[in-house]
Amino acid sequence: HLYSYSAVDNEKIQTKLLDVRRQLHKAYRVARSGSTRILLQQAIAQLLELGQQNDVMASQHYVATRPRANTTDQLPEICPEYWDDPHSDKVYFENVYKTQPCERILLDKLVELLLYAETCEQATYLIKRVRNVYSTVLIRLALGDTVDRAGSCGNWHLVELYSGMKDEASTWRKLAEPGRTKYILVGRNMVDMTHYTDLDRMLRVMNNLSVDVVGGAVRLEPEGRWYPGCYQSTVRNFTIRLHPGHDMSAQSCAYCDYIASPFLVRRDVFQQAMSDSSMSGPIPFVQFFLGGLHNIDSNRVLTTVACVDVLFHVAG
């Protein structure tokens with residue numbers, strides 16, 4: 237009796253392998269014994285080789301079919317994704333991750349954008365740029381200026397405005413208050429939006445890799461300097477150190493302890509892990525990502541990835 241593996245079965249196996257690799261990497265980082273680290277490194281290498289074999293299987297073209305759902309609640313959040321031929325693409329491997337056509341929940345029913353701007357002028361530009369790419373996604377925007385909602389800064393379509401706010405942890409918590417979508421894009425430091433900030437790709441990664449947070453690469457504006465924005469953390473002598481780089485990746489996304497980019501996250505996860513404080517700048521986000529990772533009292537560790545084919549434009 238022969239059992240044929242479907243694409244769904246292969247995805248499940250690959251997800252399990254990634255879970256095992258993540259646990260081995262965590263053990264490798266904290267291992268003190270040299271022999272223990274060598275054994276863990278060998279196990280990781282073997283799993284990586286096995287994972288690459290599965291990647292080859294998964295990269296083959298296939299026709300994915302889904303049963304037609306009767307209600308919106310039964311529809312999938314994403315359509316099946318596959319890796320297309322990169323040679324036919326001309327711009328930095330753009331759009332090599334493609335999707336099979338399917339009936340799914342609309343993106344604006346799944347994701348809301350949380351943004352911050354200091355001035356009305358900055359807010360107007362950012363909203364205009366977002367609307368060029370995502371015309372129907374709801375935006376919750378915190379504004380540093382105090383403005384009259386009846387004025388020129390408060391008449392945008394599908395925008396909830398919170399004026400007189402500071403760029404601090406409590407503001408982001410307020411923006412993430414219970415809403416109608418399961419996911420939120422926390423647009424910290426965002427100053428522009430292009431089609432390279434692909435929300436649908438991030439949503440597919442979150443579902444396919446079963447991770448908690450999905451970010452991307454960072455482009456500093458107006459300098460135009462690009463960097464991956466993925467960091468690993470180490471604890472030595474009661475000090476947490478962040479250093480750029482990654483030791484594990486899947487589907488063009490690196491596993492990170494901390495990311496510098498805006499990110500997609502489930503609303504309930506963000507509400508639970510984000511502190512309600514007056515801390516500003518990157519500090520509350522460092523605490524958000526590393527709080528569970530290095531807190532022995534925490535029962536949750538965030539699994540975070542940054543995808544190189546997703547690009548965010550942030551303030552330099």
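Those letters in the sequence shown? Residues 237 to 552, by this note's numbering.
All C-beta atoms, glycine included, are put in the ideal place defined by N, C-alpha and C.
Close-in-space but distant-in-sequence residues of the same chain around residue i (CB under 7 angstroms, 5 per side omitted)
i: Trp408; result: Leu350, Val422 and Met510
i: Phe190; result: Not covered by the structure: residue 190. The range shown for the chain is 237 to 552.
Residue i - DSSP class collapsed to helix/strand/coil
i: Met438; result: helix
i: Ser371; result: coil
i: Glu339; result: coil
i: Cys356; result: helix
i: Ala542; result: strand
i: Trp408; result: helix
i: Glu413; result: coil
i: Leu284; result: helix
i: Leu478; result: strand
i: Val366; result: helix
i: Ile420; result: strand
i: Glu313; result: coil
i: Lys402; result: coil
i: His393; result: coil
Exposed unless 16 or more other CB atoms sit within 10 angstroms - verdict on residue i
i: Tyr453; result: In the sequence under discussion, the amino acid at residue 453 is Ala, which differs from the Tyr named in the question. Label assigned to Ala453: buried.
i: Pro303; result: Any reading at Pro303 must be qualified, since the residue scores a pLDDT of 36, below 50, and its modelled position is unreliable; the value itself is stated next. With fewer than 16 Cβ atoms within 10 Å of its Cβ, Pro303 is classed as exposed.
i: Arg440; result: buried
i: Pro498; result: buried
i: Gln310; result: exposed
i: Arg416; result: exposed
Sequence-distant residues of the same chain with beta carbon closer than 6 angstroms to residue i, five excluded per side
i: Asn425; result: Val550 and Ala551
i: Thr272; result: none
i: Glu354; result: Gly380
i: Asp235; result: Only positions 237 to 552 of the chain appear in the structure, and residue 235 is not among them; the question remains open.
i: Ser446; result: Thr251
Close Cβ partners of residue i (< 8 angstroms) along its chain, the five nearest in sequence each way excluded
i: Leu260; result: Leu276, Ala279, Ile280 and Leu283
i: Asp257; result: The question names Asp, but residue 257 in the sequence shown is Arg. Correct list, in chain order: Ile280, Leu283, Leu284, Gly287 and Met484.
i: Ser513; result: Glu404, Ala405, Ser406 and Pro520
C-beta contact flag for residue i and residue j at 7 angstroms
i: Arg503; j: Ala412; result: yes
i: His479; j: Cys492; result: no
i: Leu394; j: Leu374; result: yes
i: Leu529; j: Val541; result: no
i: Tyr352; j: Asp403; result: yes
i: Asn443; j: Ile363; result: no
i: Arg455; j: Trp462; result: yes
i: Ile495; j: Gly460; result: no
i: Ser469; j: Ile476; result: yes
Write down every uninterrupted run of the beta strand (DSSP E) in the segment 426 to 476 whose length is 3 residues or greater and which is fully enclosed by it, in chain order.
-> 426 to 428, 449 to 457, 461 to 463 and 466 to 472
Ordered list of alpha helix (DSSP H) runs contained in the segment 491 to 535, each at least 4 residues | 503 to 509 and 519 to 526
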